[in-house]
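Asker: Residue numbers (my numbering): 116 to 288.
#1: Within the same chain, show all residues whose beta-carbon is closer than 7 Å to that of residue 189, passing over the 5 residues directly before and after it, in chain order.
#2: Straight-line CA distance for residue 235 to residue 262?
#3: Considering only DSSP beta bridges, list what residue 178 is partnered with.
#4: May I have the straight-line CA-CA distance separating residue 255 from residue 122, to the nearest angstrom?
#5: Quick check: the Cα distance between residue 179 and residue 194, rounded to an integer number of angstroms?
#6: Let me check one thing: in DSSP terms, what residues is residue 226 bridge-paired to?
#7: Once the 5 residues before and after residue 206 are set aside, which same chain residues still bring their CB inside 6 Å of it?
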């Protein structure tokens, strides 16, 4: 089953598609770049992937990816980096102005540090939560500047994938 979606990257729409080739072999296209992987689902909701093919940057180097809904977008953790994918404005499921300001756990983990409280003014790329999962620290941001309206977790708490952690409301000028 092939899938194709559009997301925003650096403010511009980019097409992302995934197509099964044979068995565990998949072809993924992000914008103009094409990648091929062997993939295996993990019991914790992640996917183990190994790049294959003549154009692979790291043939044979396995890594793990996780994904979770994030408001009107999708949060993906790949190769130690977390990305929030947003639908382009004006499209079905689009955020109208971008991120909706909801920070969700990209995977099950433990809150190492909540770096905000209700009422704080925050920048779009400011780290609001540090989550520990898979022996790594994941720094999470809301993607919009505004005021923290809700903090739904605290230091040391274990949270499930997709759980709402912080809500930031965009300030109106």
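By construction, the Cβ of each residue, glycine as well, lies at the ideal position given by its N, Cα and C atoms.
Predicted, not measured: the structure shown is a model, and the values here were computed from it.
Answerer: On the basis of the supplied data:
#1: Within the same chain, residue 189 has close Cβ partners 182 and 200.
#2: Rounded to whole angstroms, residue 235 and residue 262 show a C-alpha spacing of 6 Å.
#3: For residue 178, which the question treats as bridged, DSSP gives the partners 164.
#4: Rounded to the nearest whole angstrom, the CA to CA distance from residue 255 to residue 122 is 19 Å.
#5: Taking the straight line from one Cα to the other gives about 7 Å.
#6: Note: residue 226 sits in a beta bridge opposite 246.
#7: Interpretation of residue 206 is limited by its pLDDT of 40, a score under 50 that renders its predicted location unreliable; the figure taken from the coordinates is listed afterwards. So no residue of the chain qualifies.
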